[in-house]
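Note sheet for the following structure.
In full-length UniProt numbering, the protein residues as written are 1 to 71.
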(Lines of atoms letter the chains of each structure in order from A and count residues from 1; the text may use other names and numbers.)
(Lines give C-alpha, C1' and ligand atoms only; values in the text may rest on other atoms or scores of the structure.)
Protein backbone atom coordinates (compact mmCIF):
# COMPACT_ATOMS: atom_id res chain seq x y z
CA UNK A 1 0.00 0.00 0.00
CA UNK A 2 2.90 2.47 -0.16
CA UNK A 3 1.69 3.33 -3.63
CA UNK A 4 -1.48 4.94 -2.21
CA UNK A 5 0.56 7.06 0.18
CA UNK A 6 2.75 8.25 -2.65
CA UNK A 7 -0.30 9.17 -4.72
CA UNK A 8 -1.74 11.17 -1.81
CA UNK A 9 1.55 13.00 -1.40
CA UNK A 10 1.69 13.77 -5.12
CA UNK A 11 -1.87 15.11 -5.09
CA UNK A 12 -1.11 17.26 -2.07
CA UNK A 13 2.05 18.62 -3.71
CA UNK A 14 0.14 19.37 -6.90
CA UNK A 15 -2.54 21.23 -4.91
CA UNK A 16 0.14 23.36 -3.28
CA UNK A 17 1.68 24.16 -6.66
CA UNK A 18 -1.72 25.09 -8.09
CA UNK A 19 -2.42 27.34 -5.09
CA UNK A 20 0.87 29.15 -5.69
CA UNK A 21 0.10 29.45 -9.40
CA UNK A 22 -3.34 30.92 -8.63
CA UNK A 23 -1.84 33.44 -6.22
CA UNK A 24 0.67 34.55 -8.84
CA UNK A 25 -2.17 35.12 -11.30
CA UNK A 26 -4.14 37.06 -8.70
CA UNK A 27 -6.88 34.46 -8.35
CA UNK A 28 -8.41 32.88 -5.30
CA UNK A 29 -5.93 30.30 -3.91
CA UNK A 30 -8.53 27.55 -4.23
CA UNK A 31 -9.52 28.53 -7.80
CA UNK A 32 -7.25 26.04 -9.56
CA UNK A 33 -7.42 23.24 -7.00
CA UNK A 34 -11.12 22.50 -7.44
CA UNK A 35 -12.81 20.02 -9.71
CA UNK A 36 -13.61 22.64 -12.37
CA UNK A 37 -11.35 25.38 -13.75
CA UNK A 38 -12.17 29.02 -12.95
CA UNK A 39 -14.66 30.82 -15.19
CA UNK A 40 -13.27 32.90 -18.00
CA UNK A 41 -14.52 36.43 -18.60
CA UNK A 42 -16.02 36.44 -22.08
CA UNK A 43 -17.10 40.06 -22.31
CA UNK A 44 -14.79 42.43 -24.09
CA UNK A 45 -12.95 44.98 -21.98
CA UNK A 46 -14.55 47.68 -24.13
CA UNK A 47 -18.11 46.69 -23.21
CA UNK A 48 -19.89 48.15 -20.20
CA UNK A 49 -17.15 50.63 -19.45
CA UNK A 50 -17.87 53.37 -16.96
CA UNK A 51 -17.68 56.86 -18.35
CA UNK A 52 -14.72 58.62 -16.73
CA UNK A 53 -15.45 62.02 -18.28
CA UNK A 54 -16.44 64.94 -16.10
CA UNK A 55 -19.73 66.79 -16.44
CA UNK A 56 -18.02 69.68 -18.24
CA UNK A 57 -16.42 67.30 -20.77
CA UNK A 58 -19.81 65.75 -21.52
CA UNK A 59 -21.41 69.18 -21.76
CA UNK A 60 -18.82 70.30 -24.34
CA UNK A 61 -19.81 67.39 -26.56
CA UNK A 62 -23.30 68.84 -27.01
CA UNK A 63 -22.35 72.51 -27.34
CA UNK A 64 -23.00 73.81 -30.79
CA UNK A 65 -25.21 70.87 -31.72
CA UNK A 66 -28.52 72.07 -33.06
CA UNK A 67 -31.56 69.86 -33.11
CA UNK A 68 -33.64 70.31 -36.22
CA UNK A 69 -37.34 69.91 -35.68
CA UNK A 70 -39.38 68.08 -38.27
CA UNK A 71 -42.42 69.87 -39.74
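We put the beta carbon where it would ideally sit given N, CA and C, even for glycine.
Treat the numbers as computed from the prediction; the structure is a model and nothing was measured.
Counted within 10 angstroms of its Cβ, other Cβ atoms place residue i as buried (16 or more) or exposed
i, result
"residue 4", "exposed"
"residue 27", "exposed"
"residue 7", "exposed"
"residue 61", "exposed"
"residue 10", "exposed"
Cutoff 8 Å; reference residue i; Cβ partners in own chain excluding five residues on either side
i, result
"residue 29", "19, 22, 23"
"residue 33", "15, 18, 19, 22"
"residue 55", "none"
Straight-line gap, residue i to residue j (C-alpha atoms, nearest Å)
i, j, result
"residue 52", "residue 64", "22 Å"
"residue 57", "residue 12", "56 Å"
"residue 35", "residue 25", "19 Å"
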